Every structure is written in C-alpha cells, then in structure tokens.
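Structure record follows, encoded as structure tokens.
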Amino acid sequence: MTVKLKDFKIGFDNAYYGTGRRKESIARVWLLTNTKKQIVKSKATGKEYELKDYVQRETNYLKVLYPLKLVGLEDKFGIYATVEGGGISGQTEAIMYGIAKALIKYNPDLRPVLKKAGLLTRDAREKERKKYGLMKARKGYRWSKR
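Using my numbering, read the sequence shown as starting at 876 and increasing by one per residue.
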C-alpha cells in the first residue's frame, strides 16, 4: 500500500512553475505557497517521496535548496517536483535549476542574484553519441597488425 504524500491542489493562484534539465534528466518543479512539504514524484516508479529521502545524500539535498537559501526564501515555499530520466545526481541538479526558474516567475527582481550565482545557465554537457565502427563514442576496437 502506497501513501499519497500530495494532499494539495496545484493552481495558478498558489504555485510557480519551472522546468529544469540536466544530462538525461527532466524535472518539472512547482513552488507552492500554501504548504511546507517537499515532495518528489518519480515517473519511473510512479511513487512520491520526501525530497530528503529521494536525493539520499545531504550534499544533494543542500544543492537542491541552494537557490531558495541564496535569496532567503527557504521557509516560504513548499516544493513539488516530478522527475524522469537520468540518475539521482542529474535529477538533483535538474530540480535545482527548475527551482531557480520558478523563483524568477515568483519575483523577476531575483534574476541578477540567481544569474550571478550561475543558477540560470543550463549545463549543456550531454553524453556523446556512439559512432559506427567504434565500440563507444570514441573508444575503438583493438587493432592488431597480424
């Protein structure tokens, strides 16, 4: 039996939305004004988790909350995020980027602070595609003269 953690409605009047991407991960993030809950829903499992339990490491948890801490709004919002693709670390950074974008929707005056901290720049490093004639993207097959 699964316990539903989300017991609130997301609407135009109580939420600010931002999408974050990192590597293969995509996070859809809502900052909620009427709750203090921090919930992550994984598309792979279809279950909801507490944010701290989902990201597992304390460093990842602090990384997710960094945009809120930077602007001094960590106690003002609850977080609801849906994540898919990639691993935990990529999803963590995607959530962080989504929170930063949602904060700009909340207050556009926060943009210079977030921009200076590098939170509005998408990290474009992706996995390179495999090429034909090679084992991986760059690794070739072992060559033998005879």
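Ideal Cβ placement from N, Cα and C applies to all residues, glycine included. Quick caveat, the model's predicted, so the values are computed rather than measured.
Here Gln931 carries a coil assignment [DSSP, helix/strand/coil].
Arg1017 and Pro983 have their alpha carbons spaced roughly 55 angstroms apart.
Taking 8 angstroms as the cut-off, the beta carbon of Arg903 is found no closer than this to the beta carbon of Thr910. Distance from Ala969 to Arg896 at the Cβ level is roughly 6 angstroms; contact confirmed, criterion being Cβ atoms closer than 8 angstroms. For the beta strand (DSSP E) assignment, the uninterrupted runs of no fewer than 3 residues enclosed by the stretch 896-923 are, from N- to C-terminal side, 900-907 and 913-917. Note on Ala919: under 16 other CB atoms within 10 angstroms of its CB, so exposed under the neighbour-count rule. In the DSSP annotation of this structure, the continuous segment of the beta strand (DSSP E) that includes Glu959 starts and ends at Gly953 to Glu959. Under the DSSP definition of a beta bridge, Gly893 partners with Val904. Short of 7 angstroms from the beta carbon of Ala992, and not among the five residues preceding or following it, lie these beta carbons of its own chain, in chain order: Leu945. Fewer than three pairs of CB atoms, one per stretch, sit closer than 8 angstroms, so the stretch 992-1006 makes no contact with the stretch 921-930. By the neighbour-count definition (other C-beta atoms within 10 Å, threshold 16), Phe952 is a buried residue. The C-beta distance from Gly965 to Lys898 rounds to 4 angstroms, short enough to fall under 8 angstroms. Per DSSP, Pro983 is not a residue of any alpha helix (DSSP H), being assigned neither H nor E.
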